[in-house]
Amino acid sequence: MAQDTVFAAELAWPEYQRRVARGGVPILIPLGSMEQHGHHMPMHVDVLLPTEFARRAAVEVGGLVAPPFTYGYKSQQKSGGGNFFPGTTSLDGASLVNALKDVIREFARHGNRQICIVNGHFENSWFIAEGIDLALRELGWSGIHDTKVVVLSYWDFVDQAAIAKLYPEGFLGWDIEHGGVLETSLMLRLYPDLVSLERAVDHAPASFPPYDVYPPHPEWTPASGTLSSPKNATAEKGDILIDVCTRGIVAALRTEFATRDRVAAE
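Below, the structure written as structure tokens:
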């Protein structure tokens, strides 16, 4: 049993208790989804990427990484292609809110007062906010008022300098990056064995009307499931993304939790 791991679930409970009891140990909770990512990538991209960013940040700040949420809120057509694709497996909003509320409350019960949600699925955002709000309310009823929760999505740390390198032909926005250059480049660097770039479909960026329709019109989404072409993705672009996102996440944790760098197995 590895004692130097940053993954909380790999620890025996006494070691976990020891680390939490020393204080100032952020717990990072990756929040993803099971969602199609085109013909060239697996359906757990949104789990793999936030978990890896959480791991890298935890190593830097002496934190722990909780087991990830592997299901997320329903894929929306303009950001994830739509919830009608085979394989995409989603939760109702209330289910996600209640599950996250319970997990936050449990980690606070253990003594954790520094919690970070590392989001990897755009559609989760507002449900994360609701789950946190309800968890903090319930903790307050129990007399626990010093829990702080940071929420971040790794792509929000991609600055303009990085965007210029990643998209020299012009950046069309994160909303149509589903299965495109960003995620594919990260996967090419971090999990190349899971990417079959030769199967990627090169197509024009998705174009949607300025309104939504329910039930959705599947024909609005490119048949590949991706909303922009991944043809310009490279592992080298993945390096740029890993660097800028990791630095941004670590800086956010140091700022909000005033963490000191320490060895996770200290």
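Numbering (full-length UniProt numbering), first residue to last: 1 to 266. Virtual Cβ for every residue (Gly too), placed ideally from N, Cα, C.
* **Run of the beta strand (DSSP E) containing Q114, from where it starts to where it stops** => Reading the sequence shown from its first residue, position 114 is the one you call residue 114. Note, Q114: beta strand (DSSP E), 114 to 119.
* Is the beta carbon of K165 less than 8 Å from the beta carbon of L134? -> Translated into the one-based positions of the sequence shown, residue 165 becomes position 165. Translated into the one-based positions of the sequence shown, residue 134 becomes position 134. Contact flag unset, no.
* Option in A258, I249, T255, E256 with minimal Cα separation from N119 -> Position 119 of the sequence shown, counted from the start, is the residue given in the question as residue 119. Comparing Cα positions, the closest option is I249.
* Is the number of C-beta pairs between the stretch 169 to 177 and the stretch 126 to 140 that are closer than 8 Å three or more? -> no
* Nearest-angstrom Cα separation, counted from W13 out to S224 -> By one-based count along the sequence shown, residue 224 stands at place 224. By one-based count along the sequence shown, residue 13 stands at place 13. Cα to Cα, the separation comes out at about 45 Å.
* Asked: Is Y71 near M34, with beta carbons less than 8 Å apart?
  -> For the purposes of this step, residue 71 is taken as residue 71 along the sequence shown, with counting starting at 1. For the purposes of this step, residue 34 is taken as residue 34 along the sequence shown, with counting starting at 1. Yes. Within cutoff.
* 8 Å Cβ cutoff met for Y191 and F53 -> Here residue 191 corresponds to residue number 191 of the sequence shown, with the count starting at 1. Here residue 53 corresponds to residue number 53 of the sequence shown, with the count starting at 1. Going by C-beta atoms, Y191 is not nearer than 8 Å to F53.
* To do: Determine which residues share a DSSP beta bridge with M34 and list them.
  => Counted from its first residue, the sequence shown places residue 34 at position 34. In the DSSP output, where bridge partners are listed per residue, M34 has T89.
* Asked: Is the stretch 101 to 115 close to the stretch 20 to 36, with three or more CB pairs under 8 Å?
  -> yes
* If S185 sits next to T234, beta carbons under 8 Å apart, how far is it from one beta carbon to the other, in whole angstroms? -> Against the sequence shown, residue 185 aligns to sequence position 185. Against the sequence shown, residue 234 aligns to sequence position 234. At roughly 6 Å, the Cβ-Cβ gap stays under 8 Å, so S185 and T234 are in contact.
* Whose C-beta lies closer than 6 Å to the C-beta of P42 among residues of the same chain, with five residues either side of it excluded? -> Against the sequence shown, residue 42 aligns to sequence position 42. Excluding residues within five positions, the ones whose Cβ falls inside 6 Å are L194.
* Counterpart residues of Y73 in DSSP-defined beta bridges -> Mapped onto the sequence shown, residue 73 falls at position 73. DSSP output for Y73 lists L91 as bridge partner(s).
* With DSSP as the reference, label L64 as helix, strand or coil. => Numbered from its first residue, the sequence shown carries residue 64 at position 64. Of the three classes helix, strand and coil, the one that applies to L64 here is strand, per DSSP.
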